[in-house]
Structures are given as structure tokens and as C-alpha cells.
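Trainee:
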Amino acid sequence: MTLRLPGTLVCVVIALAATFLSEHYGGPQLLYALLIGLASHFLRGNPRVRPGVDFCGRSLLRIGVALLGVRITLTQVARLGLESAVVIAVAVALTILFGLLLARWLKRPREEGLLSGGAVAICGASAVLALSSVLPQTRENERFTLLAVVGVTVLSTLSMVIYPFALKAIGLPPEQAGIFLGGTIHDVAQVVAAGMMLGPAVGDTATVVKLFRVMLLMPIVVLVAISYRNHPDTRAADEEVPLVPGFLLAFIVLVLLASIGTFTPDMTQLASSTSRWLLVTAIAAAGIKTSFEDLLKLGWQPVAMLVGETVFIAALVLAAIAALRLGL
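This is how it looks when you write it as C-alpha cells:
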């Protein structure tokens with residue numbers, strides 16, 4: 002643990018700086034952490050810092066993802082209704098498949114399609130980090146993970162601003178507007194903010210739909226983890242990879258405990274805040290591990306993939322709402 006302390010402290014300081022900037026000047030906390038981490042890339046060469054950075058980028062990340070389960074209950078999922086739940090689940094699955102097709106069409110690695118599709122389909126940067134943790138740990142995947150975090154954060158911010166005005170212009174009813182916002186915007190906080198712009202009813206509906214998308218993160222990451230389980234880059238030479246990663250099992254247990262009312266509102270808030278902190282610290286570590294030059298090597302195709310997938314899921318959910326007249 003002593004070996005990890007210097008690098009861990011560096012990542013925590015970056016997370017604190019990102020939080021300060023976000024709270025005092027606005028803007029996405031994760032994006033600030035990533036940019037400060039990239040600017041601190043020179044620390045990666047320090048052997049005293051490297052163990053802690055690796056610890057934050059993998060172990061703390063997994064704990065942060067597991068804690069997302071505290072805020073989800075089966076009652077929330079039941080409130081969504083079968084028809085709406087099926088539409089959202091199908092939209093998530095088709096968006097990931099669309100990401101894989103785009104990657105193939107643009108002659109990019111399959112892993113990039115999974116990361117970008119999962120980010121847009123599920124929950125933005127959190128999904129990128131969760132999926133990245135079970136994919137082959139290659140330099141190329143690390144570079145794309147960071148670019149996906151930047152891209153999906155920017156697109157989510159733009160969606161938060163644009164979608165409420167567009168929905169008001171077309172006159173979509175509150176429940177359907179909430180389903181659209183919760184089913185299309187990438188980040189949870191920005192879903193809530195966009196929904197509240199149109200009123201509490203829209204905000205509540207959008208939050209329920211978004212939490213259902215977050216819940217879908219678990220089965221998707223499990224499937225990806227199983228499919229890459231025997232890949233040589235997903236584990237160290239002396240490490241045995243479990244069929245289902247422990248942090249995903251913890252996620253499931255926490256969802257079940259939350260569903261039976263084990264956690265008080267204060268406990269849920271604490272777990273949610275801790276999860277956010279751990280994810281910010283993890284993305285700071287990811288930034289330290291990658292240079293700007295590495296990101297530039299990826300070219301324009303990854304950006305095109307993220308934009309294409311964002312437009313795809315928005316069109317798909319809007320078409321389903323129009324055709325089925327969904328409502329909670």
C-alpha cells in the first residue's frame with residue numbers, strides 16, 4: 002500500500018482540483034479531471050508515482066462502478082412499465098450494435114465500437130470506464146477510452162442544452178419528454194438537469210428512465226467480460242480472471258439491497274457521492290497515463306462514431322415514442 006500512496010495522492014489532488022473548478026466555474030467535473038491528468042502525463046515516468054496511478058485507474062474505478070448499484074432499485078425499474086422498458090433496452094442494444102458496425106465500416110478496432118456504443122447507449126463516461134476495465138489493457142484501448150470520455154462528456158453537455166428547447170418546440174407531453182431525455186442523454190446529472198428545465202414531472206420521469214439504462218450496464222459489462230475473458234491482455238500473467246468480475250457481483254448485490262430498503266437516503270447519497278469521487282479519481286489516473294500526442298493519433302473516425310451513435314439513439318427513441326405513445 003505504501004508504494005501506491007504517492008500516485009494515489011496525485012490522483013486525489015487532481016480530483017480535488019477538478020471538483021473545485023466544476024463547483025466554482027461550472028463545467029463537467031470528469032472533463033476537468035481528464036484534462037488536468039493529461040497535463041500531468043510527465044509524472045507517468047516517475048517509478049514512485051506509477052503504482053498508485055495504476056491502482057486508481059483500475060481498482061478504485063471498479064469500486065466506483067460497483068457503488069452505482071446503491072441508487073438503483075427494482076421498484077424504480079417496475080415504475081418504468083414493460084413497454085417503455087423494452088424500448089429503452091432495445092435502444093441500448095441497437096446503439097451498441099450500431100457502434101460495432103460503425104467501427105467495422107470505418108476500419109477501427111472492435112473494442113472502439115464497444116466503448117463508444119456503450120458510452121452513448123448507457124451512461125457516458127461511467128460506461129466507458131466500466132467497459133474499459135474488462136477489455137484488453139492495450140495502449141490503443143487506453144487512448145480511445147480517454148477520447149471517448151472527452152467526446153461523450155461534450156456531447157452530453159450539448160444534449161442537455163439543446164434537447165429541452167427542441168422538445169418544447171415540438172410540444173412533446175411531459176412523460177414522453179422525460180422518456181426521451183432519460184433514454185438519450187449520456188450522463189445522469191445532465192439528464193436530471195435537462196429534465197428539470199421542463200419541470201419536476203419531466204425530471205422525475207427522465208431520472209427513472211436513466212437509472213434503468215444505468216442498470217443495464219451490469220449485464221452488458223458481464224457479457225463483454227466473458228467474451229474477452231481468455232484474451233491475453235485482459236489479465237496479468239499470474240492472474241486468474243473470474244467468469245464474472247467481482248465488482249459486477251457487488252453491483253448486483255447492492256441493487257438487491259437497495260431494493261429491499263436496506264439503505265437510508267443519507268447512505269444512498271453518501272454512496273453516490275463516493276462513487277462519483279472514485280470515478281473522477283480514476284479518470285485523473287487515466288489522463289496521467291496518456292499523452293495529447295496519443296489522442297491525436299486516433300484521427301477523426303472516433304469522433305464521427307460518437308456523434309453518429311448519439312444521433313442514432315436520439316432518432317430511435319423519438320421514433321419509438323411517436324409510434325407507441327409511450328408513458329409511465
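Under the numbering used here, the first residue of the sequence shown carries the number 2, and numbering increases by one thereafter. Don't be surprised by glycine CBs; every beta carbon is placed ideally from N, CA and C. Please read these numbers as outputs of a predicted model, since none were measured by experiment.
1) Rounded to a whole number of angstroms, what is the C-alpha to C-alpha distance between Trp301 and Leu224?
2) Determine the direct distance from the alpha carbon of Leu35 to that of Leu1, and round the result to whole angstroms.
3) Compare the C-alpha of Ile221 against each of Leu83, Thr76, Ile73, Ile123 and name the closest.
4) What's the gap between the Cα of Lys211 and the Cα of Gly184?
5) Leaving out five residues on either side along the sequence, give the residues of the same chain with a beta carbon under 8 Å from the beta carbon of Pro303.
6) Among Ser274, Phe264, Val129, Ile314, whose alpha-carbon lies nearest the alpha-carbon of Arg59?
7) Assess contact between the segment 4 to 18 and the segment 257 to 277, defined as three or more Cβ pairs (one per stretch) separated by less than 8 Å. Is contact present?
8) Helix, strand or coil: which one does DSSP assign to Glu187?
9) Look at the alpha carbon of Leu31 and the alpha carbon of Ala170, and state the distance between them as a whole number of angstroms.
10) Which value, in whole angstroms, describes the spacing of the CA atoms of Asp55 and Glu24?
11) What alpha helix (DSSP H) runs, 4 residues minimum, are completely inside the segment 117 to 198?
12) Since Val91 is in the alpha helix (DSSP H), which residue starts that stretch and which ends it?
13) In this structure, does DSSP put Lys290 in helix, strand or coil?
14) Pairs of beta-carbons, one from the segment 252 to 261 and one from the segment 67 to 84, closer than 8 Å: are there three or more?
15) Tell me whether Arg214 is buried or exposed, calling it buried when 16 or more other Cβ atoms sit within 10 Å of its Cβ.
16) Count the other CB atoms, across all protein chains shown, that sit within 10 Å of the CB of Ile15; report buried if there are 16 or more and exposed otherwise.
17) Can Ile97 and Leu75 be called in contact, C-beta distance under 8 Å?
18) Report yes or no: do three or more beta-carbon pairs, one from the segment 160 to 174 and one from the segment 189 to 203, lie closer than 8 Å?
Mentor: Looking at the coordinates:
1) As a first step, residue 301 must be located in the sequence shown, where it is residue number 300. As a first step, residue 224 must be located in the sequence shown, where it is residue number 223. So the two alpha carbons sit approximately 29 Å from each other.
2) The requested residue 1 is not part of the displayed model; the chain covers only 2 to 329.
3) What you label residue 221 is simply residue 220 of the sequence shown in a count that begins at 1. Closest option to Ile221, Cα to Cα, is Ile123.
4) Counting from one through the sequence shown, the residue named residue 211 turns up at place 210. Counting from one through the sequence shown, the residue named residue 184 turns up at place 183. Pairing Lys211 with Gly184, the inter-Cα distance amounts to about 6 Å.
5) Indexing the sequence shown from 1 puts residue 303 at position 302. Cβ neighbours of Pro303 beyond the five flanking positions: Arg109, Glu113, Ser117, Phe145, Leu148, Ala149, Gly152.
6) What you label residue 59 is simply residue 58 of the sequence shown in a count that begins at 1. The residue with the shortest Cα to Cα distance from Arg59 is Val129.
7) no
8) Here the question's residue 187 lines up with position 186 in the sequence shown. The displayed chain sequence assigns His, not Glu, to residue 187. Of the three classes helix, strand and coil, the one that applies to His187 here is coil, per DSSP.
9) The residue labelled residue 31 in the question sits at position 30 within the sequence shown. The residue labelled residue 170 in the question sits at position 169 within the sequence shown. Leu31 and Ala170: Cα-Cα distance of roughly 31 Å.
10) Counting from 1 along the sequence shown, the entry for residue 55 is found at position 54. Counting from 1 along the sequence shown, the entry for residue 24 is found at position 23. Cα to Cα, the separation comes out at about 27 Å.
11) 126 to 135, 140 to 171, 175 to 185, 189 to 198
12) For this step, residue 91 is matched to residue 90 along the sequence shown. From DSSP, the alpha helix (DSSP H) with Val91 extends over 83 to 106.
13) In the sequence shown, residue 290 corresponds to position 289, counting from 1. Residue state, collapsed to three classes: coil.
14) yes
15) On the sequence shown, position 213 is the one that residue 214 refers to. Burial call: buried.
16) Translated into positions along the sequence shown, residue 15 becomes position 14. Buried, because 16 or more other Cβ atoms sit within 10 Å of the Cβ of Ile15.
17) As a first step, residue 97 is located in the sequence shown; it is residue number 96 there, counting from the start. As a first step, residue 75 is located in the sequence shown; it is residue number 74 there, counting from the start. For Ile97 and Leu75, no; Cβs fall outside 8 Å.
18) Flag = yes, the segment 160 to 174 and the segment 189 to 203 touch.
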